[in-house]
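Just so we're aligned: 70 in the UniProt record's numbering is position 70 of the sequence shown, and the numbers increase by one with no gaps anywhere. Cβ coordinates follow ideal geometry from the N, Cα and C atoms, glycine included. These notes are about the structure you will find just below.
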Amino acid sequence: MRGGDFVVPVQIVTDFLENKLSVTSVPPSSYRLGVKAANLHEFFPSHITEALQRSISMFDSELPGFISKDALLHGVETRTSSSVQIPRDDTYESTSLNELYPIEEGTGYAGGIVSAAVDGMYVGFAVAKDPSLFEGDVVSFGKGLKEHRICEVLSFLPHPRMNH
1 MRGGDFVVPV
11 QIVTDFLENK
21 LSVTSVPPSS
31 YRLGVKAANL
41 HEFFPSHITE
51 ALQRSISMFD
61 SELPGFISKD
71 ALLHGVETRT
81 SSSVQIPRDD
91 TYESTSLNEL
101 YPIEEGTGYA
111 GGIVSAAVDG
121 MYVGFAVAKD
131 PSLFEGDVVS
141 FGKGLKEHRI
151 CEVLSFLPHP
161 RMNH
């Protein structure tokens, strides 16, 4: 998969479950730079692929039709984020700067879009547990866009612990 052409390895879900290469043409993908058939089992250790196989089967039992010859698994997401990490405590707050909640890829806590989203959720939950961090109303993003008040989506006041 190397070579700088940015194609993504894919495997038909049914082939992944049977641990075989998708040798026939793969269904169309929404990924614009192209895809190439691959055996995704070659990218992960067996305990990962086995867990994925079990999870996909469980998901299909809850949502019949999830397993399909028309469904594609798109290959690996790799860590390409910052090698620098901003230290934070158990509440996700920076240990060196009060009121700073470092999140996502640039802070060294995520290595891709999914882990960044999960990290953002955890930090959001942590912040939501401390009502003293903000005051006022939270305007919905859609309403803020409609009224051209994007900067007013959230109105935050300084945290009482901050020295001014």
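For LYS36, which residues does DSSP report across the bridge?
Partner(s): PRO9.
Using 8 Å for Cβ pairs, my map puts GLU105 next to ALA116. What's the rounded Cβ distance?
GLU105 to ALA116, Cβ: 5 Å. Contact.
So what's SER115 in DSSP terms, helix, strand or just coil?
Helix, per DSSP.
Tell me LEU97's beta-bridge partners as DSSP assigns them.
Its beta-bridge partners do not exist; DSSP assigns none.
Tell me, please, which residues DSSP counts as bridged to LEU73.
Its beta-bridge partners are GLN11.
Just how far apart, CA to CA, sit GLY120 and VAL114?
Taking the straight line joining both Cα atoms gives about 10 Å.
Enumerate in chain order the residues of its own chain whose CB-to-CB distance from GLY142 is below 8 Å, with the five nearest sequence positions on each side excluded.
Bear in mind that a pLDDT of 45 at GLY142, under 50, signals an unreliable position, so the model cannot answer this.
Who are the near neighbours of SER68 in its chain, counting only those whose CB is closer than 8 Å to its CB and skipping five residues on each side?
Around SER68: VAL13, THR14.
Quick check on this structure: which residue in GLY124, LEU73, LYS20, TYR92 has the alpha carbon closest to the alpha carbon of PRO28?
Closest option to PRO28, Cα to Cα, is LEU73.
Excluding the 5 residues preceding and the 5 following LYS36 in the sequence, name in chain order all residues of the same chain whose CB lies nearer than 8 Å to its CB.
Excluding residues within five positions, the ones whose Cβ falls inside 8 Å are MET1, VAL7, VAL8, PRO9, VAL10.
In chain order, what residues of the same chain have a beta carbon less than 8 Å from the beta carbon of TYR101, not counting five sequence neighbours either side?
Taken in chain order, the residues that qualify are ARG88, TYR92, GLU93, SER94, VAL123, ALA126, VAL127.
Under 7 Å between the Cβ atoms of VAL108 and VAL76?
The sequence given here places Gly at residue 108; Val does not occur at that position. No, Cβ-Cβ distance for GLY108 and VAL76 is not below 7 Å.
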